[in-house]
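Take a look at the structure set out below.
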């Protein structure tokens, strides 16, 4: 019997190898009797592997002075807290997460911030680059998670759109990708540097998933053409339409993802175009006919 309840932070610490021997034995006993917790541990390990795949190259790059300063400030704040947080600071996963925070806060470095070898768009602003970085992280964490992939299912598309629109403060919707062989399985709301973000998740018959990430990064500009980035087998197209930024991410080659991106773009353009103005009435029908003036001399005085 476990002496005290196993919480989510215990599972993270177990995966990171930060538990003492007694607590590790207790957690392992819990996992042997709780398949749901064991599945979560496997998901955390998978996420760490994916983070290594995405960011190990970035972490080997020289840090800028700004990033070094942010690192010192972050380390000082965490070290000033209780022993539990000091233990987390020693965690490899926590150190990697801190590095990701620095990348987002600094707006520099990282594979997502470099233009592709044959770019399809002009260089984007830092706010949009940060948005793209957040989009790929969200895809990496949730696209492989079978239990917690979405917060709300996609059965009622209207309810999902309304909920995410309210969270984002903008009218958004999940496009219909059935013509590309994908069905909407749901969505979730996520915090991003610019406020709130929304993620729609799709799946095809082969259980391959792609995500559409939506946000309103500050100073993103009114419009930006498609930008393409790739790391390993993870590909992304991102762009801006009006005040809203979009990022379509999946483990597909460039041509496959480009075809789906074009479908998404057409859907978004078709749904967001304002209705045409009502036709103006013809000039003759604008006002009812008025009687014309009559000569005064033609009016006969009626004696009273």
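In UniProt numbering, the protein residues as written are 1 to 304.
Even for Gly, the Cβ is constructed at its ideal location relative to N, Cα and C.
Since the structure is predicted, the reported quantities are computational estimates derived from the model, not experimental observations.
Using DSSP with H/G/I as helix, E/B as strand and the rest coil, what is residue i?
i: residue 144; result: coil
i: residue 149; result: coil
i: residue 231; result: strand
i: residue 38; result: helix
i: residue 214; result: strand
i: residue 181; result: coil
i: residue 203; result: strand
i: residue 7; result: coil
i: residue 191; result: strand
i: residue 248; result: strand
i: residue 241; result: strand
i: residue 17; result: coil
i: residue 254; result: helix
i: residue 110; result: Summary for residue 110: the model assigns pLDDT 36, below 50, so the residue's position carries little reliability; its value from the coordinates is reported in the next sentence. In this structure, residue 110 counts as coil in the three-state DSSP scheme.
i: residue 115; result: Any answer about residue 115 is weak, because its pLDDT of 37 lies below 50 and its placement is not dependable; what the coordinates show is given next. Residue 115: coil per DSSP, three-state reduction.
i: residue 173; result: coil
i: residue 209; result: strand
i: residue 197; result: strand
i: residue 154; result: coil
i: residue 132; result: helix
i: residue 270; result: helix
i: residue 225; result: strand
Hey, residue i and residue j: beta-carbon distance below 8 Å or not?
i: residue 145; j: residue 43; result: yes
i: residue 265; j: residue 201; result: no
i: residue 208; j: residue 254; result: no
i: residue 235; j: residue 257; result: yes
Using C-beta distances below 6 Å, list every residue in its chain close to residue i, excluding the 5 sequence neighbours before and after it, in chain order.
i: residue 261; result: 237, 248
i: residue 38; result: 31
i: residue 168; result: 196, 198
i: residue 192; result: 134, 215
i: residue 161; result: 173
i: residue 10; result: 27
By Cβ distance below 7 Å, which residues in the same chain neighbour residue i in space, the five residues on each side in sequence not counted?
i: residue 157; result: 174, 184
i: residue 165; result: 171, 172
For residue i, which residues of its own chain have a beta-carbon under 8 Å away from its beta-carbon, when the five flanking residues on both sides are left out?
i: residue 7; result: none
Pull up the CB-CB distance for residue i and residue j, whole angstroms please, since I reckon it's below 8 Å.
i: residue 228; j: residue 239; result: The pair is not a contact, with the Cβ atoms about 10 Å apart (cut-off 8 Å).
i: residue 263; j: residue 244; result: 17 Å between Cβ atoms; not a contact.
i: residue 216; j: residue 138; result: Not quite, the Cβ-Cβ distance comes to about 15 Å (not below 8 Å), so this is no contact.
>> Below 8 Å, how does it come out for the segment 126–138 and the segment 178–186: are there three or more Cβ pairs, yes or no?
In response: In this structure the segment 126–138 does not lie against the segment 178–186, because fewer than three pairs of beta carbons, one per stretch, are closer than 8 Å.
>> Counting beta carbon pairs with one atom in the segment 186–198 and one in the segment 153–168, are three or more of them shorter than 8 Å?
In response: A contact between stretches requires three or more CB pairs, one per stretch, nearer than 8 Å, and the segment 153–168 meets this requirement with the segment 186–198.
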